[in-house]
Amino acid sequence: MDISCNKASGIFTIEFNRPDKKNAITAAMYQALADALNEAEGDPSVRAILIAGKPQIFTAGNDLEDFLKNPPKGTDSPVARFMAALSGASKPVVAAVSGAAVGIGTTLLLHCDLVYAADNAKFSLPFTQLGLCPEFASSMLLARIAGHQRAAEKLMLGEPFLAEEAREMGLVNKVVPLDQLITFATAQAAKLAALPASSIRATKRLMKADQSEAIEARMADEMKHFGQMLAAPEAKEAFTAFFEKRKPDFSKFS
Ligand code: COA
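Just so you know, the sequence shown maps onto residues 183 to 436 in the working numbering.
Below is the structure:
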């Protein structure tokens, strides 16, 4: 299974498990992620959700080949279902990030509650480099936590940034040594699971109350642009260049 799930002591752990392709996420994997989150949401014995990758890779983001073959179409696409389930989760979500977290791998963290990074974590939002634009409210949420200029640097240049910078920006709660990451993140999730579930749910709902509508509206706006840009020649050039292992040439597009 490219997405593996495990439930223990009130913690529902969801793990990216496709290391040979750097945990790149296909439509089928997005559906599995959405199903896993919905299962966790509906299971009263689940009190916290933990999202993790592999020690050397969190996720390389969208599977670029699958993305071209099965471009997401609107709010009913698997990726949109996954992100709606994550953004709307009533239970606390903890992320444990090690290695690269590319594209949606970083975007999804903006919808988590606690984010822990290993010292080898590397974040990137390379949408402009792929001829695309931000997705799933990252154009709003990153600026809210980091300020416009820092968010603009990450979203416009799309260059990777390291764990310590992510912590300074407010994207990450704490940076820990790689060999301690899962133990530490699981212990934090266990603390949440031991607290009264109704208090945690109410706290999360109240903290997000003033954002929910704005997040939904921004997601819809971004999705419209993203869908159009995915079908445009700039994205085709960027994706082709990745698989041909060369630099893309955007000079012919105005
Ligand atoms: N989609 C599809 N396949 C991907 C992928 C992706 N997003 N990311 C990696 N892969 C595949 C590679 O094609 C390669 O497959 P192969 O062994 O059949 O040739 C394999 O995974 C290993 O990737 P590689 O690039 O050799 O690993 P690396 O350690 O040198 O680099 C990354 C890791 C994550 C930095 C690099 O793979 C990368 O930049 N991936 C693309 C990220 C991206 O643009 N994501 C989309 C965001 S919207």
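From the three backbone atoms N, C-alpha and C, an ideal C-beta is built for every residue, glycine too.
Secondary structure of residue i, DSSP reduced to three states
{"i": "Asn220", "result": "helix"}
{"i": "Lys453", "result": "It is not possible to answer for residue 453, since the shown part of the chain is limited to 183 through 436."}
{"i": "Lys236", "result": "strand"}
{"i": "Lys189", "result": "strand"}
{"i": "Ala379", "result": "helix"}
{"i": "Thr195", "result": "strand"}
{"i": "Phe305", "result": "strand"}
{"i": "Ala277", "result": "strand"}
{"i": "Ala299", "result": "strand"}
{"i": "Thr208", "result": "coil"}
{"i": "Ala372", "result": "helix"}
Selection from the options that minimises the alpha carbon distance to residue i
{"i": "Asp295", "options": "Phe424, Leu323 and Phe305", "result": "Leu323"}
{"i": "Ala282", "options": "Ala267, Glu335, Leu388 and Pro237", "result": "Pro237"}
{"i": "Phe264", "options": "Asn244, Ser280, Ala396 and Val279", "result": "Asn244"}
{"i": "Leu152", "options": "Pro415, Lys189 and Ala190", "result": "Only positions 183 to 436 of the chain appear in the structure, and residue 152 is not among them; the question remains open."}
{"i": "Val228", "options": "Ala423, Ile382 and Phe408", "result": "Ile382"}
{"i": "Lys418", "options": "Met211, Asp248 and Leu363", "result": "Asp248"}
{"i": "Ala399", "options": "Ala277, Ser186, Thr257 and Asn188", "result": "Thr257"}
Whole-Å CB distance - residue i paired with residue j, under 8 Å assumed
{"i": "Leu250", "j": "Phe421", "result": "6 Å"}
{"i": "Ala345", "j": "Leu232", "result": "Incorrect: roughly 18 Å between the Cβ atoms, too far for contact."}
Margin query: Using a Cβ distance threshold of 8 Å, determine whether the region 207-215 contacts the region 365-383, with at least three qualifying pairs required.
Written below: Contact between the region 207-215 and the region 365-383 is absent, because fewer than three Cβ pairs lie under 8 Å.
Next item on the list: Jot down the residue ranges of each uninterrupted alpha helix (DSSP H) in the region 308-368, minimum 4 residues, whole runs only, in chain order.
Entry: Those alpha helix (DSSP H) runs which fall completely within the region 308-368 and span 4+ residues are 320-328, 330-334 and 345-351.
Checklist line | Any 3 or more C-beta pairs closer than 8 Å across the region 425-436 and the region 290-304 | finding: With contact defined as three or more Cβ pairs closer than 8 Å, the region 425-436 and the region 290-304 are not in contact.
Check: Enumerated in chain order, which unbroken segments of the alpha helix (DSSP H) with a length of 4 residues or greater are wholly contained in the region 401-427?
Finding: The region 401-427 contains these whole alpha helix (DSSP H) runs: 415-425.
Notebook entry, point to check: Looking at C-beta atoms only, is the number of pairs between the region 191-201 and the region 219-227 that lie closer than 8 Å three or more?
Noted result: The region 191-201, when compared against the region 219-227, does touch it at the 8 Å Cβ threshold.
Notebook entry, point to check: Does the region 353-361 come within contact of the region 267-275, defined as at least 3 CB pairs closer than 8 Å?
Noted result: No: fewer than three Cβ pairs fall under 8 Å.
Check: Hey, which unbroken runs of the beta strand (DSSP E) at 3 residues or more fall wholly within the region 236-268?
Finding: Segments of the beta strand (DSSP E) lying fully in the region 236-268: 239-241.
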